[in-house]
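Peer 1:
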Amino acid sequence: MNLQVQGITKHYGENGSCKTVLQDINVEVLGGEFVSLLGPSGCGKTTLLTIIAGFQQPCSGTVLLNGCKVDKPGPDRGVVFQDYALFPWMTVGENILFPMQQQKIPQKLQDEKLHHYLEMARLKGSEHLYPSQISGGMKQRTAVVRALASEPELLLMDEPFGAVDYQMRHNLQEEFEALWQSNPKPVIMVTHDVDEAVYLSDRILVMSTNRGEIVHELLVDIDRPRNRRSNDYHACLNKLTDILKENHKSQS
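The letter at position 27 of the sequence shown is residue 27 when you use UniProt numbering, and the numbering goes up by one with no holes.
Written out as C-alpha cells, the structure is:
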C-alpha cells in the first residue's frame, strides 16, 4: 500500500471571508505504518482525513492510493468515526456484515468473515445484541472490525477514543492496539491527545495551530506493546510536548 498526499490545499468561504484550512500538505504513508495527525481543534487535521477518505475535495493538490486518484469514498479506505457511527437498528453482527453486503460478497464468505471478525474482536456471543446493549469498548471494537470487513487498504480514524473518560480511553487504546497487531493495516489517526499519539503511532505529524501546515514529524521508535511507564516512553512524550509548546509559541 502506498498513499501519497501531494500539495493539498483547502479554503473555506469566498472573497474577503476566505479561510485557509490546509496549505500545501504533502504526506506519504507506506504499508503497515501507523501515522497520527496531531494538533489542536481547528488546525485542519479532520479536514485532511476527510479528503483522504474522499468525503470532500481539496481546492488544489492530489491524493493517490496505490497510484490511483482519490476523488470519492471507496471500500479501499475504512473509516472509524469518533462516535463509532454504528447503525442503532442493526445488531453487532449486522453492523459488521453491512459493508460486505454492499460489496455483494457471497453469503457463505460473509458468514466466514463474520465469524473471523467476531473472534478477532472478542465479540463472539454478542453478535445478536444492539449497540445500545453493549459497552463503549465493544462499540469501539465493532466499529473497527466493521471498517476492516471490506478489507480496506487503509484505515482512517477520527479521534476514535475522544468521547470517553481518561481511564476508559487508555483501556480502549490498549484493546485497539492488540486488535491492530492481530491484523496490521496502515492507519492514519486524527488526535489531539499527546499520550495517545505516542502510545499508538509509528510516526506523528504535528500540524500548526493556525496555518494548516505540517510543521514537524516525530518518529516513535519504541517496541510494542508499549509501556507507558518506561523511560523511553516518557522521553518521547516530553519531546513531543516540547515540540507542541514551541509550535504554539511561534504562532501566538
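Glycine included, each C-beta is placed from N, C-alpha and C at the ideal position. Here the structure is a predicted model, which is why all the values come from computation and not from measurement.
1. Rounding to the nearest angstrom, what Cα-Cα distance links Pro184 and His11 in this structure?
2. Express the C-alpha separation of Leu109 and Tyr166 in angstroms, rounding to a whole number.
3. State buried or exposed for Phe176, treating a residue as buried only when at least 16 other CB atoms are found within 10 Å of its CB.
4. How would you call residue 323, buried or exposed, if buried means at least 16 neighbouring beta carbons within 10 angstroms?
5. Can we say the region 14-34 touches the region 180-198, given the rule of at least three CB pairs closer than 8 Å?
6. Keeping to the same chain, check which residues put their C-beta closer than 8 Å to that of Ser41; ignore five residues upstream and five downstream.
7. With a cut-off of 8 Å on the beta carbons, I'd call Leu240 and Leu219 a contact; round off their distance for me.
8. Given this structure, state the Cα-to-Cα distance separating Leu118 from Ser208, to the nearest angstrom.
9. Could you check whether Phe34 and Leu200 sit closer than 8 Å to each other, using their CB atoms as the reference points?
10. Could you check the C-alpha separation between Arg77 and Leu154 for me, to the nearest Å?
11. Out of Glu14, Arg146, Asn2, which has the shortest C-alpha to C-alpha gap to Pro75?
12. Buried or exposed for Lys113, please, with buried defined as at least 16 other CB atoms from any protein chain shown within 10 angstroms of its CB.
13. Have a look at the DSSP bridge pairing and note the partners of Gln12.
Peer 2: So, to answer that:
1. 34 Å
2. 39 Å
3. buried
4. A question about residue 323 goes unanswered here, because the residues of the chain that appear run from 1 up to 252.
5. yes
6. His192
7. Actually they are not in contact, since the Cβ atoms of Leu240 and Leu219 sit about 11 Å apart, beyond 8 Å.
8. 40 Å
9. yes
10. 5 Å
11. Arg146
12. buried
13. Here the sequence assigns Tyr to residue 12, which means Gln is not the residue at that position. Tyr12 is bridged to Lys19.
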